[in-house]
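For what it's worth, our numbering labels the leading residue of the sequence shown as 274, then goes sequentially.
Backbone N, C-alpha and C fix where the C-beta goes; we use that ideal spot for every residue, glycine too.
Note that the coordinates shown come from a computational prediction; the quantities given were computed from them, not determined experimentally.
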Amino acid sequence: MPFLSAADEAVTLYLGAPDTELDEANPENRFGPAWLDAVAGLLDEVAAEPTKPLIITATGKFFTNGLDTDYVFSHSDELPAYLDRVHALYTSVLTLPVPTIAAINGHAFGAGAMLALCADHRIMRADRGYWSLPEAALNMPFTRGMSALLRTRLPDATVTEAMLTSRRYGGNDAVSHGIVEESADVEALPTRAREVAVARASLIGPNIALIKKRLRRPLLEDLAAPTPASLL
């Protein structure tokens, strides 16, 4: 399950299990109910004691592969409530009272790709892994909140291509298309994330949270809108 690791420079939220490259129970770090519970609790801990920037990352092949499709298909009647929980996760990251940095170590797909966009600053592994929105290829719609997140956080040409074609972007492509701010070799990824964290550490406090909420108010309103049962 996800966990926090604190160092002098920052707190790191790992999306997988401790002491292992891959969580055997959830090797793709998908958004299962228990995973969502764990991450929400950890973000609450960060918000309650905002003393250091937050780095969000994982280990292995995946940053996160997004929605738990097995759960979705077997609990279709619970889909609106499940998606509302995903929206709440995005809102938590978007409004944290600390600088947030996503260190994207591997594949970030669908809802996981959107999670990366919630961070204030994004660094993606250059040599391996893709950022992609596969929903069009999978005949899946985007929710109102997800569409607003993508429209707000990406350039228009990029969001149009990404949502309508399900293109996969490698690290350097993600930089040139405005999906992430920079790319780095996998060995340098943690170091670069910590450097950004140190540079922004002085901004921590209630003022940064207020700025984020006002900056992102229309997006937060869209994310707070209940998912209708008619979505699918």
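{"query": "Option nearest L493 by Cα separation, candidates E408, P501, I396, A482", "result": "A482"}
{"query": "Environment of F346 [buried if 16+ CB atoms lie within 10 Å]", "result": "exposed"}
{"query": "Same chain, Cβ closer than 6 angstroms to F276, five either side skipped, listed in chain order", "result": "Y287, P291"}
{"query": "Ranges of the beta strand (DSSP E) found wholly within the segment 369 to 436, counting only runs of at least 3", "result": "373 to 377, 380 to 382, 394 to 398"}
{"query": "Collapsed DSSP secondary structure at L309 in the structure displayed", "result": "helix"}
{"query": "Helix, strand or coil at R467 according to DSSP, with G and I counted as helix", "result": "helix"}
{"query": "CB of I477 within 9 angstroms of CB of P372, strictly", "result": "yes"}
{"query": "Coil, strand or helix - L286 by DSSP", "result": "strand"}
{"query": "Close-in-space but distant-in-sequence residues of the same chain around S456 (CB under 6 angstroms, 5 per side omitted)", "result": "M397, A399, G444, N445, V448"}
{"query": "First and last residue of the uninterrupted alpha helix (DSSP H) at T332", "result": "Taken as a continuous stretch (DSSP letters only), T332 belongs to no alpha helix (DSSP H), as it is neither H nor E."}
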